[in-house]
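Structure record follows, encoded as structure tokens.
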Amino acid sequence: MNFIQQKKIPNITPQLFPCINNKNVQTIPIKKFEWARDKNCNLNAQNYTDNYGGKLQLGWRYSSLGNVLLRIVAHCVIKDDDGKLFCVTPSENDYEKTINFIPDDSIIEYNGRLPSYTIPIINNTLIAEWAKLECLHSEVRMKYSSRQSLSDNTSSVKLTDEDSLKMTFIHKRFHELIQKVELLALNSYQPNDLCHCASGLKFKKCCK
Ligand SMILES: [Zn+2]
74 MNFIQQKKIP NITPQLFPCI NNKNVQTIPI KKFEWARDKN CNLNAQNYTD
124 NYGGKLQLGW RYSSLGNVLL RIVAHCVIKD DDGKLFCVTP SENDYEKTIN
174 FIPDDSIIEY NGRLPSYTIP IINNTLIAEW AKLECLHSEV RMKYSSRQSL
224 SDNTSSVKLT DEDSLKMTFI HKRFHELIQK VELLALNSYQ PNDLCHCASG
274 LKFKKCCK
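Under my numbering, think of the first position of the sequence shown as 74, with each following residue one higher.
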């Protein structure tokens, strides 16, 4: 089950995330860039501008898990000399050729990492806990440089004892909650939403 970029932003109150405002959203193309490395939008964008010009533009992209969780991730794209925006980082979902992007110059980068938030869209204690865990996970990640990988055990990153305990707890809770969260998400899909399997098809024509 994946976070999918839906055509419509789910209804969230502006208090939850002030910069999310339908009026600011731009749909911008993903441009093929041979040196792009998956996920590392900072590095990709920097590499691109070093070689072909243009300026870096920070902003937010969002995706949702059904109609239960919204994920908002800071993202770095390119602004060309005409002011047009485009992304040079391949999407995790192959069929996506564009991203929904909200420019925001106030985003701050730490250790080469960009912030991300997960926000509950429905009122449910499980979903609320999941969102909190994801935010906590992101907070810990932000403390360590993007050149280090936290995901594999062979990496040389040394988490502090406190952070290591935090991460162990977070992953344990993720493991305990995932099936229930997925069930809630599954039941929340509308027929015309893009399917959670990332096929690019509508839910009603795919895994329903
Ligand atoms: Zn499907």
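No residue lacks a Cβ here, since even glycine has one placed at the ideal position from N, Cα and C.
Rounded C-alpha distance that separates residue i from residue j
i, j, result
"Lys285", "Glu202", "In this structure the chain extends from 74 to 281, so residue 285 is not present and cannot be described."
"Cys160", "Cys270", "23 Å"
"Gln79", "Tyr217", "31 Å"
"Glu207", "Thr191", "6 Å"
"Asn115", "Lys277", "36 Å"
"Ser136", "Lys231", "31 Å"
"Thr227", "Phe106", "At Thr227, the pLDDT of 49 sits below 50, so the modelled position is not reliable; the number obtained from the coordinates is stated separately. Looking at the two C-alpha atoms, the distance is approximately 30 Å."
"Glu255", "Asp167", "22 Å"
"Cys279", "Lys253", "21 Å"
"Val213", "Glu235", "10 Å"
"Asn197", "Pro264", "22 Å"
"Tyr125", "Gln119", "10 Å"
Proximity test, residue i beta-carbon vs ligand 1 heavy atom, cut-off 8 Å
i, result
"Ser272", "yes"
"Cys114", "no"
"Phe276", "yes"
"His148", "no"
"Cys279", "yes"
"Cys160", "no"
"His269", "yes"
Same chain only: Cβ atoms within 6 Å of residue i, ignoring 5 sequence neighbours per side
i, result
"Asn260", "none"
"Asn144", "Here residue 144 turns out to be Arg, not Asn, going by the sequence shown. Around Arg144: Phe76, Ser136 and Thr191."
"Arg246", "Leu206"
"Asn113", "none"
"Val146", "Arg134 and Ser189"
Status (buried if at least 16 other CB within 10 Å, exposed otherwise) for residue i
i, result
"Phe174", "buried"
"Asn97", "exposed"
"Trp108", "exposed"
"Tyr262", "buried"
"Gly132", "buried"
"Ile194", "buried"
"Asn117", "buried"
"Leu257", "buried"
"Arg110", "exposed"
"His148", "buried"
"Ile251", "exposed"
"Ile200", "buried"
Residues near residue i in its chain [Cβ-Cβ closer than 8 Å; skip 5 each side]
i, result
"Ile103", "Phe159, Cys160, Val161, Thr162, Pro163, Ser164, Glu169, Lys170, Thr171 and Ile172"
"Gly127", "Tyr121, Ile151, Lys152, Asp153 and Asp154"
"Asp266", "Ile77, Gln79, Gly139, Asn140, Lys275 and Phe276"
"Ala204", "Leu142, Thr191, Ile192 and Pro193"
"Met215", "Tyr183, Asn184, Arg186 and Pro188"
"Pro176", "Asn97, Gln99, Gln130, Leu131, Gly132 and Leu158"
"Lys81", "none"
Residues near residue i by beta carbon distance below 7 Å, same chain, minus five either side
i, result
"Ile243", "Leu206, Leu209 and His210"
"Leu274", "Cys268"
"Thr100", "Thr171 and Asn173"
Exercise. If you scan the stretch 166 to 250 from start to end, which runs of the beta strand (DSSP E) of 3 or more residues do you find wholly inside it?
Worked result: You should have 171 to 176 and 189 to 193.
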